[in-house]
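Peer 1: Heads up: the sequence shown begins at 2 in our numbering, then just goes up one per residue. Yeah, the Cβ is synthetic: ideal placement off N, Cα and C, and Gly gets one too. Let me begin by handing over the structure; questions about it come next.
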Amino acid sequence: MQQKKLYDSLFKKEESGVIILFDPDRSYIDDTLRKIEKLNKNTMVKAYFVGSSFQILSSLDEYVKKIKENTDRPVIMFPSSHSQLSKYADAMLYMSLISGRNPHLLIGEQLKMVPFIVETGIEAISTGYILVDGGKITSVEFMSNTKPIPRDKAELVAYHAKAGELFGFDLIYLEAGSGALYHVPFDVIKKTSEFLDIPVIVGGGFTSLSDIENAIGSGAKHVVVGTAVEKNKLFV
Ligand code: 1GP
């Protein structure tokens, strides 16, 4: 039985806050490290995710290793495919896109990740990943070839999340997509988190501190922020 040390500390014991996402294709390592130096001083920042919808960068290990060397926060892979894994990370989200009906992203990629997980013993945090319409077609929607759940269907989102919980996922990630016009609505976050016993995180389209605080107030354990940090609009 795999130990869930990081999961327990970050998603159960730790106070709510933000997780900063770095996309190696969009943030060069020097800029990332400059930002991390500042982010490390911010108590709201609880962890770093590394992931991308494409992953053009070949030296992912080097990228993750350098982040690890420059922070004491956990570094967690957020992979869109089995080729986006690094043994230098503390853990990985082991995600299934449960809002979609694409078998490749429900179980196909996950199967290909098994040898890496077994060989490295990396902590794999099983995550039900749910795409909610963010007002435009985002990379994750296009690349995954799945339809997001309409943003006014809070119950449908909550039911998908509950199905994930019943399947035994440790975590639910409500995603509007990177650079979304609108983040996941607060009522959707509230309905989903009230309906579940497992933690819910939310990301995509968060550009202000007040929206982040409201998302946490609505029940999100942590809010994932990528683009706003990348564009120097928040926390850096
Ligand atoms: C994407 O939820 C994350 O997977 C972050 O989205 O880039 O819009 O902050 P943003």
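1) When the Cα of residue 6 is compared with those of 230, 124, 181, which residue comes out closest?
2) Alpha carbon to alpha carbon, how far is residue 66 from residue 92?
3) Using beta-carbon positions only, say whether residue 46 and residue 68 come within less than 7 Å of one another.
4) Please name the residue, chosen from 164, 136, 103, that lies closest to residue 128 on a Cα-to-Cα basis.
5) Who are the Cβ neighbours of residue 1 in its own chain at under 8 Å, not counting the five residues just before and after it?
6) Reducing DSSP to helix, strand and coil, say where residue 190 ends up.
7) Shorter than 6 Å, the distance from the beta carbon of residue 84 to the closest heavy atom of the ligand 1GP, or not?
8) Any chance you could list the residues with Cβ under 6 Å from a heavy atom of the ligand 1GP, keeping chain order?
9) Does any residue of chain D have a CB that is nearer than 7 Å to the CB of residue 10?
10) Express the C-alpha separation of residue 151 and residue 134 in angstroms, rounding to a whole number.
11) With a 10 Å radius around its C-beta and 16 neighbouring C-beta atoms as the bar for buried, classify residue 108 as buried or exposed.
12) Closest to residue 187 by CA distance: which of 219, 177, 98, 209 is it?
13) For residue 144, is the classification buried or exposed, using 16 other Cβ atoms within 10 angstroms of its Cβ as the cut-off for buried?
14) Restricting to Cα atoms, I'd like to know which of 199, 192, 106, 140 is closest to residue 182.
15) Beta carbon of residue 226, beta carbon of residue 19: below 7 Å?
16) Is the beta carbon of residue 236 less than 7 Å from the beta carbon of residue 43?
Peer 2: Quick answer:
1) Nearest option by C-alpha distance: 124.
2) Looking at the two C-alpha atoms, the distance is approximately 13 Å.
3) No, the pair does not count as a contact, with Cβ atoms beyond the cut-off.
4) Here the closest residue by C-alpha is 164.
5) Since the displayed the chain opens at 2 and closes at 237, residue 1 lies outside it and no answer follows.
6) It is helical.
7) Shortest gap from the CB of residue 84 to any heavy atom of the ligand 1GP: 6 Å or more.
8) Spelled out in chain order, the answer is 22, 176, 179, 180, 181, 204, 205, 206, 207, 225, 226, 227, 228, 229.
9) Annotation note: the requested chain D is absent from the structure, which comprises a single protein chain.
10) As the crow flies, the alpha-carbon of residue 134 is around 5 Å from that of residue 151.
11) By the 16-neighbour rule on beta-carbons within 10 angstroms, residue 108 is exposed.
12) Looking from the CA of residue 187, the closest CA among 219, 177, 98, 209 belongs to 219.
13) The residue in question, residue 144, is exposed, as its Cβ has fewer than 16 Cβ neighbours within 10 Å.
14) The shortest Cα separation from residue 182 among 199, 192, 106, 140 belongs to 140.
15) Yes, they are a contact pair.
16) Yes; because the gap between Cβ atoms is below 7 Å, this pair is in contact.
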